[in-house]
Ligand code: NAP
Ligand code: ZN
Ligand code: ZN
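Residue numbers (the working numbering): 2 to 346.
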């Protein structure tokens, strides 16, 4: 066993605080690495607060993990000591179902989450707000030496979660796409949609984000709380990529889609959303969803980012700032992803 230092929530009402545990022994196909950086996803907050389902406590969140390999099992083929690697939201899956065989491990009924889940060994999984990680090589990603490592971390969730639907719906040249919510996921959606050639509009509740939205690659910015601005995009978009973490008015945004437009949900507010039938029947509109991305597509996205020099815009924090970072995240005050410097653990 390998001792690990971490920050954990002991219950769904307690703040994160230092906690020690042990990682499993490195198995034949396992990769062990020291964690250098871990991104802070809004899903971490949803889960430590039991907003989706009752969680497994103590909980060590974190699924945007990058670091350097320190040990590999005897049968490991893809990695060696010293390699830069990443781990996202998944650490295992059944490997046999149709989804797994098509590289869609995220839709496997037996997919194992990086934390707040139970591994095949029957033990809880613990995430990246920790010093060391042990993961099967099939769920370990190769990370380029070319990019700023701290700014690569958020690609492992925010990156793939926005890259995947943009690729699935073949969004690019000739499309008008709206990115709803400019936080961690939203700012990556802007970068990718711009890189794929689409006309990108940010729909935001924060007036102060306009200049930065344009710098990130948005062509237009609509302050949704301003009636005149919202009216100017009625029936305008082919796609809306919805990254909002809190309940919001669907009818309002569906009115911004043109005929045959698609509203793609990636945000996961804890309460059900209401879809008024008239708002999709008129205009033959679709409401769809998308979850992270499979392992092959995550590697494809990381390689694409290395080639195009795409990383996240981050605010690097010490781990003892994590509870304040969550408070700011709840206020929409993230520019645009907190990343924990694990050397401060
Ligand atoms: P985040 O950084 O907190 O960004 C969310 C943004 O949503 C905020 O910055 C804000 O942008 C906007 N927003 C917040 N409250 C709002 C409200 N009441 N009405 C309208 N807009 C509001 O969060 P994130 O890490 O990007 O995650 C976003 C959501 O995606 C979370 O629910 C998370 O759990 C989910 N998620 C899903 C997947 C998946 O696989 N599908 C993966 C990762 C995360 P403005 O200031 O611009 O309005
Ligand atoms: Zn996430
Ligand atoms: Zn499977």
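No residue lacks a Cβ here, since even glycine has one placed at the ideal position from N, Cα and C.
What are the boundary residues of the beta strand (DSSP E) that residue i is part of?
i: residue 33; result: 31-40
i: residue 21; result: 17-24
i: residue 49; result: Careful: residue 49 lies outside any beta strand (DSSP E), inside the alpha helix (DSSP H) at 43-49.
i: residue 134; result: 133-137
i: residue 154; result: Segment: none, residue 154 is in no beta strand (DSSP E) and carries neither H nor E.
i: residue 181; result: 177-181
i: residue 6; result: 3-10
i: residue 340; result: 338-342
Sort the options by Cα distance to residue i and report the nearest one.
i: residue 57; options: 66, 276, 10 and 82; result: 10
i: residue 42; options: 2, 75, 83 and 160; result: 160
i: residue 235; options: 179, 342 and 207; result: 179
i: residue 28; options: 16, 135 and 305; result: 135
i: residue 76; options: 145, 139, 186 and 278; result: 139
i: residue 73; options: 90, 95, 53 and 31; result: 31
i: residue 300; options: 165, 321, 194 and 59; result: 165
i: residue 335; options: 213, 253, 305 and 228; result: 213
i: residue 185; options: 34, 23 and 326; result: 326
i: residue 253; options: 261, 50 and 274; result: 274
i: residue 35; options: 286, 223, 261 and 88; result: 88
i: residue 124; options: 24, 110, 249 and 199; result: 24
i: residue 49; options: 67, 71, 18 and 69; result: 18
i: residue 221; options: 322, 203 and 227; result: 203
i: residue 47; options: 269, 96 and 306; result: 269
i: residue 260; options: 285, 107, 277 and 243; result: 285
i: residue 318; options: 168, 152 and 210; result: 152
i: residue 323; options: 342, 310 and 266; result: 342
i: residue 149; options: 265, 282, 54 and 68; result: 68
i: residue 95; options: 137, 223, 16 and 282; result: 137
i: residue 228; options: 280, 205 and 245; result: 205
i: residue 311; options: 177, 190, 340 and 248; result: 190
i: residue 291; options: 40, 162 and 192; result: 162
Given 8 Å as the limit, tell me if residue i has its C-beta closer than that to any heavy atom belonging to ligand 1.
i: residue 158; result: yes
i: residue 164; result: no
i: residue 210; result: yes
i: residue 183; result: yes
i: residue 218; result: no
i: residue 38; result: no
i: residue 337; result: yes
i: residue 293; result: yes
i: residue 249; result: yes
i: residue 187; result: yes
Could you spell out where the alpha helix (DSSP H) holding residue i opens and where it closes?
i: residue 161; result: 159-169
i: residue 208; result: Element bounds for residue 208: n/a, residue is neither H nor E.
i: residue 199; result: Looking at the DSSP string, residue 199 is not in any alpha helix (DSSP H), and its letter there is neither H nor E.
Is there at least one Cβ from chain C nearer than 9 Å to residue i's Cβ?
i: residue 74; result: Absent from the structure is chain C; it holds one protein chain and no more.
Measuring only from the beta carbon, is residue i closer than 8 Å to any heavy atom that is part of ligand 2?
i: residue 45; result: yes
i: residue 109; result: no
i: residue 90; result: yes
i: residue 42; result: yes
For ligand 3, is there a heavy atom less than 8 Å away from the beta-carbon of residue i?
i: residue 100; result: yes
i: residue 112; result: yes
i: residue 259; result: no
i: residue 97; result: yes
i: residue 106; result: yes
i: residue 94; result: yes
For my contact list, residue i and residue j are in at a C-beta cut-off of 8 Å; report their separation, rounded to the angstrom.
i: residue 240; j: residue 257; result: Not really, about 11 Å apart at Cβ, beyond 8 Å.
i: residue 45; j: residue 63; result: 7 Å
i: residue 188; j: residue 337; result: 4 Å
i: residue 207; j: residue 333; result: 6 Å
i: residue 65; j: residue 155; result: 5 Å
i: residue 61; j: residue 128; result: 5 Å
i: residue 133; j: residue 3; result: 6 Å
Is residue i close to ligand 5? I mean its beta-carbon at under 8 Å from any heavy atom of the ligand.
i: residue 64; result: This structure does not include ligand 5; its bound ligands are ligand 1, ligand 2 and ligand 3.
> Which runs of the beta strand (DSSP E) fall wholly inside the stretch 211-288 and span at least 3 residues, in chain order?
Replying inline: 221-224, 238-243 and 258-266
>> To test your reading of the DSSP string, which unbroken alpha helix (DSSP H) runs of 4 or more residues are found completely within the stretch 56-123?
In response: 99-102
> Which runs of the beta strand (DSSP E), 3 residues or longer, sit entirely within the stretch 300-326?
Replying inline: 315-318
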